[in-house]
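Quick note: to get the working numbering, add 295 to the position in the sequence shown (first position is 1). Cβ coordinates follow ideal geometry from the N, Cα and C atoms, glycine included.
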Amino acid sequence: MYQLSEIKNLSVLNNQEIVRVRGRVFSKKDCGKVLFLILRDGIDTLQAVALKNKEGAPLPIDDYNVLRKVENESFIEIVGKIYGPEKPVLACSQKCIELEIVSYTILSRSVLDLPITLKEAAITEEQKHDNPLLPSIQYFKRLDNRVLDLRTDLSQAIFRMNDGLLFYFQKYLRKNKFVEIKTPKLIGGASEGGADVFKVDYFGKPACLAQSPQLYKQMAIIGDFKRVFEIGPVFRAENSNTNRHLTEFVGVDLEMVIDKTYMEVVHLLYNMFIYVFDQLSSAYKAELEIVRSFFDLPQLTLAPKLVVVEFSEAIDLLRANGSKMGDLDDFSTEDEKLLGSIVKEKYETDLYVVTKYPSSVRPFYTMPDLKDTRYSNSYDFMLRGEEILSGAQRVHDHTMLAERVAELGIDATAIRHYLDAFKYGAPPHAGAGIGLERILRYFLGFPDIRYCNLFPHDPKRLYP
Ligand code: ATP
């Protein structure tokens with residue numbers, strides 16, 4: 296038996312070799328005497344050719360007739376001889392080679408009636424623009440049939456980059472001495488004392504799905520891990536039907552002991568983003584090309600060094616441009632977007648950080664600015680005018696924390712293990728929570744966050 300080859304690894308160097316390849320039947324064209332079949336493996340495609348009734352043709356006529364009728368998307372294996380076609384095969388990623396079919400095995404048949412066809416799903420915006428009569432599939436229909444949608448070049452490219460994103464975050468954080476932790480997702484009480492939690496029944500006792508690893512990652516710091524990070528699911532029972540909210544997303548969370556100021560974390564985070572974006576841009580050129588063929592991606596502009604906008608400066612900028620925000624209000628989505636365009640014009644960057652948010656709009660564990668406690672030692676990173684990260688220095692003094700909890704009327708019993716941990720001494724620390732899908736979405740410039748989650752769940756979608 297011939298060794299199994301991957302389509303992407305074949306080239307003209309394999310000319311006249313017999314190879315065994317697997318993939319899905321992407322399309323077929325039966326021209327009477329010759330059958331052209333495009334075999335697809337992920338984003339790689341190869342044209343396989345069978346000749347009918349020709350003397351010396353390797354494929355028996357009965358086999359030819361079965362293959363001609365095999366349903367698109369069936370998973371098949373072909374043994375064939377590689378050769379160079381007269382003209383390049385423009386429809387395939389393998390343009391300079393073809394495969395003469397010697398034999399084949401149908402490993403798993405697809406049904407004939409597909410809810411979405413991969414050919415339709417492969418039509419790019421540009422092609423639709425040139426020919427408005429081309430069919431288009433509603434995005435929600437794609438999500439309803441996600442397994443098929445995942446087979447498209449676009450989804451293949453997105454989730455390979457998603458994998459790259461995870462890899463480079465981990466690589467950067469480990470290099471900077473962070474220890475990866477996994478914290479409970481099924482917890483007693485609400486993770487941040489908030490209301491937006493999914494409640495579950497824990498053997499008759501109330502429990503919920505973690506809204507963030509916030510309290511546990513701080514407890515790991517008090518447990519004397521100086522730098523920790525976690526990549527894991529985050530659950531939000533917010534009824535937010537927007538293009539940037541999911542009810543379950545992937546959080547990249549980190550927490551670290553600081554020396555003098557929380558700005559140490561801000562700079563580390565900025566360097567991490569620059570590293571990750573550089574790596575993605577150079578390691579995923581083919582995938583970026585695919586995404587660009589579907590969406591008109593605006594180039595990401597990054598300033599040579601970190602741009603920091605203090606909250607009060609942001610308010611001035613917004614007011615100068617028509618916003619009616621009060622001094623201590625939080626940004627609305629529109630304010631955030633407007634600020635993004637003002638900062639882009641002023642500082643020529645799509646990535647920047649806003650610091651010193653009002654204490655009143657941040658969670659109870661946020662360290663106030665001790666020079667003016669109306670404000671806090673907090674920060675949000677913005678990418679293309681939308682929030683991708685939220686973080687702050689945390690209160691590490693037990694008395695101060697207990698006072699904040701009491702002031703805000705938070706149920707201390709539900710978080711007593713967290714509060715008690717501070718009684719045993721906690722180092723000054725700060726951290727951040729990042730939404731993985733948001734990074735990918737704004738890095739690529741997608742119109743909707745759902746593109747970037749494998750099986751997106753939102754208030755209206757719990758299946759698949
Ligand atoms: P927003 O104001 O955008 O709803 P948030 O203030 O609730 O976000 P945090 O709770 O601070 O956000 O979460 C940290 C990060 O997690 C955010 O900066 C964002 O990248 C991401 N994130 C938050 N909520 C969601 C969500 N519902 N879906 C996807 N990502 C989210």
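- Residue pairing by DSSP leaves Q311 without any beta bridge partner.
- Unbroken alpha helix (DSSP H) runs of no fewer than 4 residues, entirely contained in the segment 551-619, are found at 558-578, 580-589 and 606-615, following chain order.
- Relative to the ligand ATP, F717 has its C-beta separated by 7 Å or more from all heavy atoms.
- The beta carbon of Q688 lies closer than 6 Å to those of Y557, M662, N672 and A725 in the same chain, with the five residues before and after it left out.
- Taking each of S398, E372 and R404 in turn and checking the Cα distance to E366, the smallest one comes out for R404.
- Exclusion of the five residues before and after L696 leaves V690 and F717 as the residues of its chain whose Cβ lies within less than 6 Å of its Cβ.
- Bridge pairing for T661: R689 [DSSP].
- For Q342, the three-state secondary structure derived from DSSP is strand.
- Below 8 Å, too few C-beta pairs join the segment 604-616 and the segment 580-596 to call them touching: fewer than three.
- When rounded, the separation of the alpha-carbon atoms in K364 and S398 is 15 Å.
- C503 is bridged by DSSP to I482 and K494.
- Excluding its 5 nearest sequence neighbours in each direction, D448 has C-beta neighbours in its own chain below 7 Å: I338, A417 and I585, listed in chain order.
- In this structure, the beta-carbon distance from R756 to I744 does not fall below 8 Å.
- Cβ neighbours of G483 within its own chain (closer than 6 Å, five residues either side excluded): A502.
- Cβ contact annotation for D439 (same chain, cutoff 6 Å, sequence separation greater than five): none.
- For M677 and V314, the gap between their C-alpha atoms comes out near 50 Å.
- Within 10 angstroms of the beta-carbon of E682 lie 16 or more other beta-carbons, which makes it buried.
- Judged by DSSP secondary structure, D624 falls outside any beta strand (DSSP E); it is assigned neither H nor E.
- Between Q506 and the set I569, G518, L541 and Y463, the nearest pair of CA atoms involves L541.
- Just so you know, the alpha carbons of E643 and V604 end up roughly 13 Å apart.
- Contact check for I392 and V307: beta-carbon distance about 6 Å, within the 8 Å limit, so the pair qualifies.
- E533 has its Cβ nearer than 7 Å to a heavy atom of the ligand ATP.
- With a cutoff of 8 Å on beta-carbon distance, Y467 and V560 are scored as not near each other.
- F544 has its Cβ nearer than 7 Å to a heavy atom of the ligand ATP.
- Distance from L305 to Q389 at the Cβ level is roughly 6 Å; contact confirmed, criterion being Cβ atoms closer than 8 Å.
- Between the ligand ATP and the CB of R733, the shortest heavy atom gap is smaller than 7 Å.
- Taking the Cα positions, D591 is about 21 Å away from E640.
- If you draw a straight line from the Cα of K328 to the Cα of I371, it is about 22 Å long.
- With respect to the 8 Å criterion, F473 and V523 are classified as neighbours on the basis of their beta carbons.
- Using a Cβ distance threshold of 8 Å, D573 and A532 do not count as a contacting pair.
- Look at Y758 here: in three-state DSSP terms it is coil, with no helix or strand label.
- According to the DSSP assignment, D357 belongs to the alpha helix (DSSP H) that extends over I356 to K364.
- Bridge partners of A725 according to DSSP: M551 and Q688.
- Checking the 7 Å criterion, the Cβ of G730 is within range of a heavy atom belonging to the ligand ATP.
- Between the ligand ATP and the CB of E525, the shortest heavy atom gap is not smaller than 7 Å.
- Here A578 has G459 as same chain residues with Cβ atoms under 7 Å from its own Cβ, once five neighbours each way along the sequence are excluded.
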